[in-house]
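Residue numbers (full-length UniProt numbering), protein chains in the order written: chain A, 1 to 368; chain B, 1 to 364.
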Amino acid sequence: MAMTRIPQNEITIFQYVFFIVGAQIGIGILSLPADVAKGSGTDGWIAIIFGGVLSIIASLIIVSIMEQHPQDTIFDLLLRYFGKWFGKLLSLLFSLYAALAATTVVFTSIHLVQVWVLPQTSNYWIMILFMIPGFLAARQGVRILGRYAEIVFYMTLWMPLLIAVPLKDGHLLHLLPVIKEGWLPIIKTVKQTILSFLGFELAFLLYPYVKEKHLAKKGIIIANGISMAAFVFVTLVGFIFYSPDEITEYVWPTLSLLKTIEFPFMERFEIIFLAAYLFVLSTTGIPYIFTAVFGIAHVLEQYDHVRVLVVGVGLYIIVSFLYTPPFADLQAFSDWWGKTGTIVGYIFPVVLWLYMKLYQWLRGGKPS
Amino acid sequence: MKAAALLLCVALFLSGCGMNTKLDSLTMTLTLGLDTDGGKLLSYSSSPVFNKDAKEHTEVIEVNASSLREGRYKIDLFASGRAVGGKIQNVVIGKALAKKKEIPSLLDVLYRDPKNSTTALLIVYDGPVKELMESKQKDKPRLAVAIKDLIMTTAVDKQTVKTNLLDFHRTLFDKGCTPFASEMTRKNGKMMANGTALFDNKGKYVTSLSPKETPFLQLLRKEIKPAIPFTLRTAALTGKKENISVSIEHGKVRYETRYRNGRFQFHVQIDAGVIITEKIADIDISKKQKKLEKMIAHEIKTKTTALVKTFQHHHVDPVGFGLYARAYEYDHWKKVENDWGKAFAAADVSVSVKAKVISYGVIH
């Protein structure tokens, strides 16, 4: 029941890497420096490295699971191991998780645009404007999304350079002493980085489409590595520029960093940056929308996911007419995504892996 | 079908035209003034007028209000256009107000609303802000431009500092240092930059540094580029009341931090490379170079030590000694971080200076 047929939708290893990087770098990075600073001050960057290592381990487990049935997406796999009804229930839960992630990203993006760029525009207009390209991209299969992620990655390579500009006014002294209060606060802060690293769990969906499957493990390590480097970089710039006491004053320290950049002919440079950053946000939102829609179509045994997508996009637009989430709700969304993400991204792979081992052992060592 | 889609796209772009803003229908506050008058908060706005019929090209509005944002609503009542704050270049605060109130609470709206630019300069004005806002100087451009130019160029010569709203916010919230801003006043009807205003860690005005002291604050803050000029008396060398002007072109400022006997100890090591820019005194530099270097070093040492004494006396730390305390003596720092001004006042600070003359200029 391969719905979006694999041969037409094969992606290269680069597309696979950038797809995951795109899904990981999104809204988390905008608040990450403040989030980790609250927990462990300027040692927060160490927590990000730990978070990165954790996500690499979880990713490797995911790839090992998927390797057993190279033609299956997670939705096929769940049916294979858990039978029709329970498998479908799990698939539905996975899709709902993806929908929660997509909703968080979409509404947070709208909120960002409203606060920083278009305070007068109603959120349904922005939603409609987001959903048109979102629909066009998610309508296609994995290959188009992979290509899109790759091109967006290349298009946004200039952004780190710009974020580094405030460094000239910073103090490296802020980072000292390294490991201020011992390891405990750092380890507690790792939890805060989980939300940012989520995105690797989309490998559950992507794996069967990867052309060079023998590179899948290396690829996912590289993807997590790129994201981790980006997170550590942004966090260090934030810490060097802002003092450890001040950075927690900002909701989005990464954007506030850009407010310091000013040209004689242009103020508020962060508007331009944020407009370009919408591409980065789209590579987080669209893959999750796609995953949710794809999963639900699978559960409903629809051959094509477009019908579900139309309903989904329609729902988003209708909801945006009725409901403008206040900032507190957005934070609740993020919290929920972080919590369920911990389950779906970290706990679920381990449990599934153990279950599969047990299942195969009971069957005398043969994969089902 | 395609044509319809294209038309739809164009129509979507047009939606932005509904809320257009015409430049000439705006009252853009370029300089924002805040002052106090017997308990009232006075808010001033100076904005350009784009209308050829208007005789004055600057509109000044004075209102009294309990906060800045409320002030803007009141300004709107007077302004011929819609009052907007996104283009503020300078925020001028009366010294009387800065002494009385912690100014960060007044400035909150400028930080909270991202439409406001945080790169506006923060200036303390010694005198009633009204006189500055309403001053008309025939030989100067618009007030906002004139003030900004004055501060920016004086800051390059190190006689004042350049502090924008964001810098102020950064130094305010950093527990290891206290904020400072440029100071202005008026003399003989002309506005002038007048050194540096220092604030405590709550953002209340404490004291000022003169234009002659400010270069040494910059030196301690390692803000040496492009150069720090100053003039010193050479009486010790020639016995006459003469002077010599030098400028520190490059240098290294190193801080050593220790914690001994219940207090912090800082040692500041300054290595300065100076050039002679003007010599009134009759000294043969090439022969007496060593002596001259010693004298320059002594001058820098005296000035910086006096400056540090001033800081300690007022419990402020605009240099950021606290950053070093935090970085190198974290455990001891942690105990005093919420009252660093006091701990710093008790600290031992010693300065040692080495000066080296690297050039005399092109004449002997």
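Virtual Cβ for every residue (Gly too), placed ideally from N, Cα, C.
Handout entry: Same chain, Cβ closer than 7 Å to A/T42, five either side skipped, listed in chain order
Key = Here residue 42 of chain A is taken as the residue at index 42 of the first sequence, counted from 1. Cβ within range, chain order: H174, L175, F239, P244.
Exercise for the section: Run the CB neighbour count on A/E301, radius 10 Å, all protein chains shown included, and call it buried at 16 or more, exposed below. Expected result: The residue given as residue 301 of chain A occupies position 301 in the first sequence. Looking at its Cβ environment, which holds fewer than 16 other Cβ atoms inside 10 Å, A/E301 is exposed.
Exercise for the section: Rounded to whole angstroms, what's the CA-CA distance from B/L7 to A/Y124? Just pull it up for me. Expected result: Here residue 7 of chain B refers to the residue found at position 7 when the second sequence is read from its first residue. Here residue 124 of chain A refers to the residue found at position 124 when the first sequence is read from its first residue. Rounded to whole angstroms, B/L7 to A/Y124 spans 20 Å at the Cα level.
Problem - Proximity below 8 Å, CB of B/V351 to CB of B/V268 - result: Mapped onto the second sequence, residue 351 of chain B falls at position 351. Mapped onto the second sequence, residue 268 of chain B falls at position 268. A contact, by the Cβ cut-off of 8 Å.
Practice task
Spell out whether any CB of chain A is found under 8 Å from the CB atom of B/T118.
Solution key: The count along the second sequence starts at 1 and reaches residue 118 of chain B at position 118. For B/T118, the answer is yes, since a Cβ of chain A falls inside 8 Å of its Cβ.
Handout entry: C-beta atoms of A/I194 and A/G22 nearer than 8 Å
Key = Here residue 194 of chain A is taken as the residue at index 194 of the first sequence, counted from 1. Here residue 22 of chain A is taken as the residue at index 22 of the first sequence, counted from 1. No; because the gap between Cβ atoms is not below 8 Å, this pair is not in contact.
Practice task
Please check the pair B/G127 and B/T160, which I expect to be a contact at CB under 8 Å, by giving their CB distance rounded to whole angstroms.
Solution key: Start at 1 with the first residue of the second sequence, and residue 127 of chain B comes out as number 127. Start at 1 with the first residue of the second sequence, and residue 160 of chain B comes out as number 160. Incorrect: roughly 16 Å between the Cβ atoms, too far for contact.
Practice task
Report yes or no: is there a C-beta of chain B within less than 8 Å of the C-beta of A/R139?
Solution key: As a first step, residue 139 of chain A must be located in the first sequence, where it is residue number 139. Closer than 8 Å: no.
Handout entry: Rounded Cβ spacing between A/A58 and A/Y355 (contact assumed at less than 8 Å)
Key = Taking the first residue of the first sequence as position 1, residue 58 of chain A is located at position 58. Taking the first residue of the first sequence as position 1, residue 355 of chain A is located at position 355. Actually they are not in contact, since the Cβ atoms of A/A58 and A/Y355 sit about 16 Å apart, beyond 8 Å.
Exercise for the section: For chain B, find out if any of its Cβ atoms is closer than 8 Å to the Cβ of A/W45; answer yes or no. Expected result: Numbered from its first residue, the first sequence carries residue 45 of chain A at position 45. So, not an interface residue.
Exercise for the section: Count the CB pairs spanning the region 90–110 of chain A and the region 123–137 of chain A that are closer than 8 Å, and state whether there are at least three. Expected result: Taking 8 Å as the limit for Cβ pairs, the verdict is that the region 123–137 of chain A does touch the region 90–110 of chain A.
Problem - Proximity below 8 Å, CB of B/S45 to CB of B/L32 - result: The sequence position of residue 45 of chain B within the second sequence is 45, counting from 1. The sequence position of residue 32 of chain B within the second sequence is 32, counting from 1. Their beta carbons are under 8 Å apart, which means B/S45 touches B/L32 by this criterion.
Problem - chain B residues whose Cβ lies nearer than 9 Å to that of A/Y359 - result: Within the first sequence, residue 359 of chain A is the residue found at index 359, counting from 1. Chain B residues near A/Y359: none, gap ~51 Å exceeds 9 Å.
Practice task
With DSSP as the reference, label B/Y205 as helix, strand or coil.
Solution key: Taking the first residue of the second sequence as 1, we reach residue 205 of chain B at position 205. The answer is strand: DSSP assigns B/Y205 an E or B state.
Handout entry: Per-residue burial, A/Y154 [other beta carbons within 10 Å of its own, 16 or more giving buried]
Key = Position 154 of the first sequence, counted from the first residue, corresponds to residue 154 of chain A. Burial call: exposed.
Handout entry: Short-range partners of chain B found in the region 217–250 of chain A, where Cβ spacing is below 7 Å
Key = Y242, S243, D245, E246, E249
Exercise for the section: Pull out every residue of the region 156–182 of chain B whose Cβ sits closer than 9 Å to any Cβ of chain A, in chain order. Expected result: N164, L166, D167, H169, R170, T171, L172, F173, D174, K175, G176, C177
Handout entry: The beta strand (DSSP E) enclosing B/F180, as first and last residue numbers
Key = Against the second sequence, residue 180 of chain B aligns to sequence position 180. Element bounds for B/F180: 180–187.
Practice task
Express the C-alpha separation of B/V253 and B/F344 in angstroms, rounding to a whole number.
Solution key: Here residue 344 of chain B corresponds to residue number 344 of the second sequence, with the count starting at 1. Here residue 253 of chain B corresponds to residue number 253 of the second sequence, with the count starting at 1. When rounded, the distance between both Cα atoms is 19 Å.
Problem - A/L358 versus A/L118: straight-line alpha-carbon distance, rounded - result: Position 358 of the first sequence, counted from the first residue, corresponds to residue 358 of chain A. Position 118 of the first sequence, counted from the first residue, corresponds to residue 118 of chain A. Taking the straight line from one Cα to the other gives about 54 Å.
Problem - Cutoff 8 Å: A/T189 Cβ touching any chain B Cβ - result: Against the first sequence, residue 189 of chain A aligns to sequence position 189. Not one chain B Cβ lies under 8 Å of A/T189.
Problem - chain A contact for B/L323 (CB, 8 Å cutoff) - result: Here the question's residue 323 of chain B lines up with position 323 in the second sequence. Closer than 8 Å to some Cβ of chain A, the Cβ of B/L323 qualifies, so yes.
Exercise for the section: In angstroms with no decimal places, state the Cα-to-Cα distance between A/G39 and B/G176. Expected result: The residue you call residue 39 of chain A lines up with position 39 of the first sequence. The residue you call residue 176 of chain B lines up with position 176 of the second sequence. Whole-angstrom Cα-Cα distance: 20 Å.
Handout entry: Segment contact flag, the region 96–113 of chain B with the region 198–216 of chain B, C-beta cutoff 8 Å, min 3 pairs
Key = yes
Practice task
Just tell me which of B/K52, B/T163, B/F173 has its CA closest to the CA of B/Q89.
Solution key: For the purposes of this step, residue 89 of chain B is identified with residue 89 of the second sequence, where counting begins at 1. Comparing Cα-Cα distances from B/Q89 to each of B/K52, B/T163, B/F173, the minimum goes to B/T163.
Practice task
With DSSP collapsed to three states, give me the class of B/E131.
Solution key: Along the second sequence, one-based indexing puts residue 131 of chain B at 131. Helix.
Exercise for the section: Go ahead and pull the three-state DSSP assignment for A/Y81. Expected result: The residue labelled residue 81 of chain A in the question sits at position 81 within the first sequence. Helix.
Exercise for the section: Identify the continuous beta strand (DSSP E) that holds B/G195 and give its terminal residues. Expected result: By one-based count along the second sequence, residue 195 of chain B stands at place 195. From DSSP, the beta strand (DSSP E) with B/G195 extends over 190–199.
Handout entry: Closest residue to A/F204 among A/W353, A/E270, A/K180, A/V36 (Cα-Cα distance)
Key = Numbered from its first residue, the first sequence carries residue 204 of chain A at position 204. Minimum Cα distance to A/F204 is reached at A/W353.
Exercise for the section: Would you mind telling me which residues of chain B sit closer than 8 Å to A/T254, beta carbon to beta carbon, in chain order? Expected result: If you number the first sequence from 1, residue 254 of chain A lands on position 254. None at all; the shortest Cβ gap to chain B is about 13 Å.
Handout entry: Assigned secondary structure, B/P48 (DSSP; H/G/I helix, E/B strand, else coil)
Key = Within the second sequence, numbered from 1, the residue matching residue 48 of chain B stands at position 48. If DSSP states are grouped into helix, strand and coil, B/P48 belongs with the strands.
Problem - Beta carbon of B/I248 nearer than 8 Å to that of B/A272 - result: Here residue 248 of chain B refers to the residue found at position 248 of the second sequence. Here residue 272 of chain B refers to the residue found at position 272 of the second sequence. Yes, Cβ-Cβ distance for B/I248 and B/A272 is below 8 Å.
Exercise for the section: To the nearest angstrom, report how far apart A/I20 and A/L202 are at their CA atoms. Expected result: Indexing the first sequence from 1 puts residue 20 of chain A at position 20. Indexing the first sequence from 1 puts residue 202 of chain A at position 202. Taking the straight line joining both Cα atoms gives about 7 Å.
Exercise for the section: Name the residue from B/K136, B/Y360, B/I147, B/T257 whose alpha carbon lies nearest to the alpha carbon of B/K55. Expected result: Within the second sequence, numbered from 1, the residue matching residue 55 of chain B stands at position 55. For the residues B/K136, B/Y360, B/I147, B/T257, the minimum Cα distance to B/K55 belongs to B/K136.
Practice task
Please check if any C-beta of chain B sits within less than 8 Å of the C-beta of A/W116.
Solution key: On the first sequence, residue 116 of chain A is found 116 positions in, with the first residue counted as 1. Yes, contact with chain B.
Problem - Any non-hydrogen atom of the ligand PLP within 7 Å of B/I283 CB - result: Annotation note on the ligand PLP: not contained in the displayed structure, which lists no ligands.
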